[in-house]
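Following numbering that gives the first Met the number 0, the numbering of the sequence shown begins with 0 at its first residue and continues without gaps. Yeah, the Cβ is synthetic: ideal placement off N, Cα and C, and Gly gets one too. Computed from a prediction, not measured in an experiment: that's the story for all the values here.
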Amino acid sequence: MKTRSIVALCLLVAGAAALLVLQRRLVTAEITPRPLLYLVADTQREVERIPLELTRVSDKEEMQIGGELVRSYGLVPRQRTDPDAQRIAAYVWQVGQRLAANVKRKGIQYRFHYRDERNFVNAGALPGGQIVIGRGLLELLESEDELAAILGHEIAHVDERHCIERLQYEMTSRKIGMRGLYRLAQIGVILFQMGYSKEKEDEADRVGLSLAVQAGYSPAGAVEVMKRFDRLYGRPAQAATSPVEEILQMPLKSLGEYFRSHAPARERVATLEKEIQAQGYNVAQVQKPMGIRAVFIAEHAAELDRRGMFERAMVRYQEALKAEPEYAKAWEGLTRASWRAGDAAEAARAAAESLKRNTDSTESIGLLARAVAAENRKTAAKRFEEALASQPAKTDEAIYSRRVELAGLELTLDTTKALKDYRQILALGHSAAREADLRRRMAWWMYRGGMLPDAMKELEAARQRFPQAAGLELEMAWVLSDMGRQADALSRLQGGPGMGGVAVTPEDRERPRLGMETGVGGREAVTAVINWRTERRDQAKTAFQRAAEADPPWMVAKWVANNYSAEAAAVIAKLQAEETARRRLVELRAGRGPAGKQAPQ
Numbered sequence: 000m001k002t003r004s005i006v007a008l009c010l011l012v013a014g015a016a017a018l019l020v021l022q023r024r025l026v027t028a029e030i031t032p033r034p035l036l037y038l039v040a041d042t043q044r045e046v047e048r049i050p051l052e053l054t055r056v057s058d059k060e061e062m063q064i065g066g067e068l069v070r071s072y073g074l075v076p077r078q079r080t081d082p083d084a085q086r087i088a089a090y091v092w093q094v095g096q097r098l099a100a101n102v103k104r105k106g107i108q109y110r111f112h113y114r115d116e117r118n119f120v121n122a123g124a125l126p127g128g129q130i131v132i133g134r135g136l137l138e139l140l141e142s143e144d145e146l147a148a149i150l151g152h153e154i155a156h157v158d159e160r161h162c163i164e165r166l167q168y169e170m171t172s173r174k175i176g177m178r179g180l181y182r183l184a185q186i187g188v189i190l191f192q193m194g195y196s197k198e199k200e201d202e203a204d205r206v207g208l209s210l211a212v213q214a215g216y217s218p219a220g221a222v223e224v225m226k227r228f229d230r231l232y233g234r235p236a237q238a239a240t241s242p243v244e245e246i247l248q249m250p251l252k253s254l255g256e257y258f259r260s261h262a263p264a265r266e267r268v269a270t271l272e273k274e275i276q277a278q279g280y281n282v283a284q285v286q287k288p289m290g291i292r293a294v295f296i297a298e299h300a301a302e303l304d305r306r307g308m309f310e311r312a313m314v315r316y317q318e319a320l321k322a323e324p325e326y327a328k329a330w331e332g333l334t335r336a337s338w339r340a341g342d343a344a345e346a347a348r349a350a351a352e353s354l355k356r357n358t359d360s361t362e363s364i365g366l367l368a369r370a371v372a373a374e375n376r377k378t379a380a381k382r383f384e385e386a387l388a389s390q391p392a393k394t395d396e397a398i399y400s401r402r403v404e405l406a407g408l409e410l411t412l413d414t415t416k417a418l419k420d421y422r423q424i425l426a427l428g429h430s431a432a433r434e435a436d437l438r439r440r441m442a443w444w445m446y447r448g449g450m451l452p453d454a455m456k457e458l459e460a461a462r463q464r465f466p467q468a469a470g471l472e473l474e475m476a477w478v479l480s481d482m483g484r485q486a487d488a489l490s491r492l493q494g495g496p497g498m499g500g501v502a503v504t505p506e507d508r509e510r511p512r513l514g515m516e517t518g519v520g521g522r523e524a525v526t527a528v529i530n531w532r533t534e535r536r537d538q539a540k541t542a543f544q545r546a547a548e549a550d551p552p553w554m555v556a557k558w559v560a561n562n563y564s565a566e567a568a569a570v571i572a573k574l575q576a577e578e579t580a581r582r583r584l585v586e587l588r589a590g591r592g593p594a595g596k597q598a599p600q
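Printed below as a string of structure tokens:
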């Protein structure tokens with residue numbers, strides 16, 4: 000035993016020396032303690048058995064130590080701007096504080112830190128009540144009781160002094176005094192990830208389970224989450240067979256990090272079940288739903304939407320709304336995915352629901368107008384007004400967007416009145432950016448209604464008022480191409496620094512998709528249409544291939560018909576047929592049938 004301990008200490012010292020040498024070298028790459036992390040993890044159990052005499056650290060001192068370690072990790076988050084991240088962090092904090100109310104060490108003030116990173120599939124505790132959990136791990140949980148089990152386990156490591164004792168072992172074995180504590184904090188990540196002995200892991204499971212039960216949670220949550228982890232992590236690794244699987248497996252790829260610092264899930268299930276039986280806990284108690292699960296489901300849906308799997312995205316958004324019917328972001332996402340799928344009826348329904356929860360969403364306002372128009376142009380204006388009647392807008396942007404969209408819907412019913420209403424809106428005085436946006440909205444309705452010269456005038460006026468507006472030149476190219484002015488349309492695509500001449504900015508990509516696409520896909524698509532109309536068919540097919548790869552809706556006939564003129568849609572239908580034939584040929588050459596199956600030999 001003595002020999003093994005000496006070997007363990009030698010390895011620790013050698014690893015620390017290696018880290019010190021690396022830190023002194025002048026290199027530009029980031030130096031991380033990961034190699035040393037695994038070295039310490041392997042020797043930790045031996046080090047813990049060394050009969051060292053430890054001086055008990057006070058709660059106040061321990062919290063000071065924990066605070067320094069948190070800062071050394073960079074765990075103190077910057078000011079969060081994403082509402083969902085703020086909400087998740089607050090939720091984790093609330094559940095954690097509910098558990099911490101039952102700890103033995105009342106002098107410790109617990110802090111719960113949320114890491115908004117999908118590849119952070121872990122949870123851990125630092126001295127002084129600093130608890131950390133990552134987004135990747137949260138995505139794998141299905142109830143609040145499961146979250147309570149995870150957090151309770153980490154709280155127990157603090158409450159039973161496992162964290163501070165482990166730190167003291169490290170300091171004593173390295174002969175680092177209290178004054179050298181903050182030097183040790185420089186490699187504090189080791190303490191977070193290297194794990195505990197089985198005895199301490201079992202104790203943390205038992206104490207954590209007790210904390211969860213005292214806080215009103217079902218003990219079944221702890222067992223179920225460990226069984227799920229065992230299924231997910233214990234099964235052989237398999238490559239994703241579809242983009243959907245690839246998205247859903249992302250957190251699983253990093254689940255091994257959790258088990259580097261925790262006992263195997265199967266062992267923990269046995270410990271937990273034994274403790275539940277011994278204490279007589281009620282495993283039949285109903286578990287609480289995960290209050291933030293809808294956020295993760297909706298983000299999976301958004302990824303499916305970006306990849307062009309619109310119908311699957313719609314299903315996932317509906318799952319998110321089943322979990323949380325009032326989640327405005329999921330309604331907005333369902334509106335967008337439905338519109339891109341060419342399902343105008345579902346887009347109209349979802350947009351109306353979205354506006355009940357966020358009356359000032361200008362994207363939902365625009366998509367509602369376009370969706371009801373796609374269903375029935377004659378009744379669209381009335382339906383639009385009825386949908387918004389009980390949902391008054393609060394911001395000027397939303398108020399004026401609603402009025403312009405209504406004027407656009409009325410163009411084909413009463414052109415004179417619609418234009419009069421529109422001019423009155425413009426006369427009210429607006430910022431340059433808002434006026435340009437309103438003009439572009441009306442230009443789209445004019446373009447769709449065949450009023451091409453009028454549409455061009457509005458776009459020119461928008462450019463004059465707000466020259467830096469992203470995508471204006473591209474929108475002009477669509478109108479000019481329909482007017483038969485292919486050379487002028489092409490010249491619009493050659494005026495900016497972006498690919499093909501059109502400037503593509505971050506704002507351009509983020510602009511709500513209310514009409515003509517202004518991103519890379521839109522640029523390539525209008526280039527394809529211009530080339531097709533000028534008999535340059537090969538160039539047209541190549542450009543359209545790039546458009547469809549950049550933005551999948553270009554292969555959705557209904558989406559094209561709902562967004563572009565009948566003349567442009569007819570050309571795009573031919574390009575879609577060419578692209579479909581090309582893809583089938585590629586599949587056949589790769590030895591697969593049209594559905595992606597192995598072709599018969």
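| query | result |
| --- | --- |
| For the stretch 191-218, list the alpha helix (DSSP H) runs that are entirely contained and at least 4 residues long, ordered along the chain. | 197-213 |
| Measure the alpha-carbon distance for A469 versus A461 and round it to whole angstroms. | 11 Å |
| Which of the three DSSP states is assigned to Y113 in this structure? | strand |
| Using C-beta distances below 7 Å, list every residue in its chain close to A147, excluding the 5 sequence neighbours before and after it, in chain order. | V94, L98, A211, A214, Y216 and G220 |
| For S430, does the count of other Cβ atoms within 10 angstroms reach 16, so buried, or fall short, so exposed? | exposed |
| In chain order, which alpha helix (DSSP H) runs of at least 4 residues are fully inside the stretch 538-596? | 556-562 and 565-588 |
| Sorted by chain position, which residues of the same chain lie with C-beta nearer than 8 Å to N96's C-beta, five sequence neighbours on each side aside? | As written in the sequence, residue 96 is Gln, which differs from the Asn given in the question. So the qualifying residues of the chain are Y109 and F111. |
| Please report the Cβ distance between E523 and A542, rounded to the nearest whole angstrom; I am assuming they are in contact, meaning their Cβ atoms lie under 8 Å. | 5 Å |
| What's the C-alpha gap between L492 and N530? | 12 Å |
| Enumerate, from N- to C-terminal direction, the unbroken alpha helix (DSSP H) stretches of 4 or more residues contained entirely within the stretch 408-453. | 414-425 and 431-447 |
| Could you spell out where the alpha helix (DSSP H) holding G365 opens and where it closes? | T361 to E374 |
| Exposed or buried, which one is N121 when buried takes at least 16 other CB atoms within 10 Å? | buried |
| Considering Cα atoms alone, identify which of W444, G521 and A283 is closest to A370. | W444 |
| Given A580, which residues of its chain have a CB within under 6 Å of its CB, disregarding the five upstream and five downstream residues? | none |
| Whole angstroms is fine: what's the gap from G520's alpha carbon to A568's? | 15 Å |
| Given that a residue counts as buried once 16 or more other Cβ atoms are within 10 Å of its Cβ, and exposed if not, what is K199? | buried |
| Quick check: what's the CA-CA separation for E474 versus M313? | 28 Å |
| Is it buried or exposed for T80, if we count other Cβ within 10 angstroms and need 16 for buried? | exposed |
| DSSP three-state call for A527: helix, strand or coil? | helix |
| Look at the alpha carbon of G307 and the alpha carbon of L139, and state the distance between them as a whole number of angstroms. | 25 Å |
| Is L405 helix, strand or coil by DSSP? | helix |
| If you reduce the DSSP assignment to three classes, tell me which class Q129 lands in. | strand |
| Determine the direct distance from the alpha carbon of T526 to that of S337, and round the result to whole angstroms. | 26 Å |
| Take D487 and list the residues in its own chain whose beta-carbon comes closer than 8 Å to its own, dropping the five residues that flank it on each side. | L479 |
| Kindly give me the distance between the Cβ atoms of K321 and V268, rounded to whole angstroms, as I take these residues to be in contact under 8 Å. | Their Cβ separation, rounded to whole angstroms, is 29 Å, which puts K321 and V268 out of contact at 8 Å. |
| So A297 and A327 are supposed to be a Cβ contact under 8 Å. How far apart are they, rounded? | The pair is not a contact, with the Cβ atoms about 10 Å apart (cut-off 8 Å). |
| Would A347 and L367 qualify as a contact pair, given that the criterion is a beta-carbon distance under 8 Å? | yes |
| Report the three-state DSSP secondary structure of S142 (helix, strand or coil). | strand |
| Nearest-angstrom Cα distance between N357 and E116? | 27 Å |
| Answer with buried or exposed for E324, where buried requires no fewer than 16 other C-beta atoms within 10 angstroms of its C-beta. | Residue 324 is actually Pro in this sequence, not Glu. Looking at its Cβ environment, which holds fewer than 16 other Cβ atoms inside 10 Å, P324 is exposed. |
| What does a CB cutoff of less than 6 Å around E434 pick up in its chain, not counting 5 residues either side in sequence? | R464 |
| So what's P82 in DSSP terms, helix, strand or just coil? | helix |
| DSSP state of G123, grouped into three classes? | strand |
| Quick check on the DSSP output: the alpha helix (DSSP H) that includes R282 runs from which residue to which? | It is Val, not Arg, that sits at residue 282 in the sequence shown. No alpha helix (DSSP H) holds V282; DSSP gives it neither H nor E. |
| Excluding the 5 residues flanking A264 on each side, which residues of the same chain have their C-beta closer than 6 Å to its C-beta? | M225, F228 and D229 |
| Which stretch, first to last residue, makes up the alpha helix (DSSP H) that contains S353? | A343 to R356 |
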